[in-house]
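Comments concern the structure below.
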Amino acid sequence: MKRGDACIKAILKKLRKMKRFIAYYDSHLFDLNRLDNFYRNIAQIDDFEKLSFLELVDKFDRMDTEERLKNLGQPKKSDELEIKGAFKLNELVTALNWPYYNKIDIRIGLLQFPYFGLTLPKSFNYGAIGTVIGHEVTHGFDNKGKNYDENGSMEEWLGREFQERFRTRADCFEKLYNTTDVLWYKNGMVLKTNLTNNGAFTLHENIADYGGIQLSLRVNVCLLKKQSSRPVAIAPLATMAVPRYSLSHLDSR
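Per numbering that gives the first Met the number 0, the sequence shown runs over residues 0 to 252.
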């Protein structure tokens, strides 16, 4: 049972050990023998000429499912299965958190505008890709991720006291989102529906969204403090008037 400082140390230990997969594996990208062996029974050169993009994606996804079913119930073999997943078609513009590997995965499709740009102001990148990265890091400590320790093993590693305090705070998130309406957009306007959110179902994503925004905001505040001798005042998120636009409205601006 861990309490107080010991609990914080355990959380920081997991954070420090959290691995990062950014776009591709440096150590395997130029290992041609390994790549050839991996693809030999999966795809042939002709596949890339005869199959459509969706057919290729389906073929790789079936391979991934077969690999996971084959390893179901077996002892975890380091990161081998996830490394194989990185060799697949990287067709998704997404980011992931793998709790059983204690790893965040930022796919290459995200490392472009509007999420990231080398020539964009740092504040833009923090607010976009920074929020995404913070979101995935927070997943490692949300209502699901907290059940895995720094090695990705499902363990009771934080103690009952922490779990009770976490549940109390998580209940606040759940109740908040239970009272929010599902909105939709039409002709640049925000319209209400007769639906409400399910706070319990979306709890892990809501926690990660909040954590991602908080982390990216704090990083930007640190940057501003380094660049300016004046005190930095940031308005609380709850007091900000955030405009809402539909995609069609943004296209017309």
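From the three backbone atoms N, C-alpha and C, an ideal C-beta is built for every residue, glycine too.
task: Given a cut-off of 8 Å, decide if Ile206 and Asp141 are closer than it, judged by their beta-carbon atoms.
output: Yes.
| What do you reckon, are the CB atoms on Gly151 and Gly210 nearer than 8 Å? | It is not a contact, given that the beta carbons lie outside the stated cut-off.
### Sufficient close CB pairs (3 or more, under 8 Å) joining the segment 120 to 140 to the segment 210 to 225
Contact holds: three or more Cβ-Cβ distances are below 8 Å.
- Task: Note down, in chain order, each residue of its chain lying with its Cβ closer than 6 Å to the Cβ of Lys12, except the 5 sequence neighbours on either side.
- Result: Cβ neighbours of Lys12 beyond the five flanking positions: Glu149.
Apart from the five residues just before and just after Pro113, which ones in its own chain have a Cβ nearer than 8 Å to its Cβ? Correct list, in chain order: Ala127.
**Message:** If the criterion is Cβ atoms closer than 8 Å, does the pair Tyr176 and Asn196 meet it?
**Reply:** In this structure, Asn196 lies closer than 8 Å to Tyr176 by Cβ.
| task | Please say whether Gly198 and Glu173 have beta carbons closer to each other than 8 Å? | result | A contact, by the Cβ cut-off of 8 Å.
*asked:* Suppose you measure from the CA of Cys171 to the CA of Ala94; what does that come to, to the nearest Å?
replied: C-alpha separation (whole angstroms): 26 Å.
Please work out which residues of its chain come closer than 7 Å, Cβ to Cβ, to Trp156, disregarding the five sequence neighbours upstream and downstream, and give them in chain order.
Non-local C-beta neighbours of Trp156 in its own chain, meaning closer than 7 Å and more than five positions away in sequence, comprise Ala9, Asp148, ordered along the chain.
Per DSSP, which residues does Ile105 bridge with? Please list them. DSSP output for Ile105 lists Ile21, Ala94 as bridge partner(s).
(Q) So, at 6 Å on beta carbons, what are the nonlocal neighbours of Lys18 in its own chain, with the 5 sequence-adjacent residues on each side left out? (A) Excluding residues within five positions, the ones whose Cβ falls inside 6 Å are Lys102.
Item checked: Where Leu71 sits in the DSSP three-state scheme -> Leu71 falls in the coil class under three-state DSSP.
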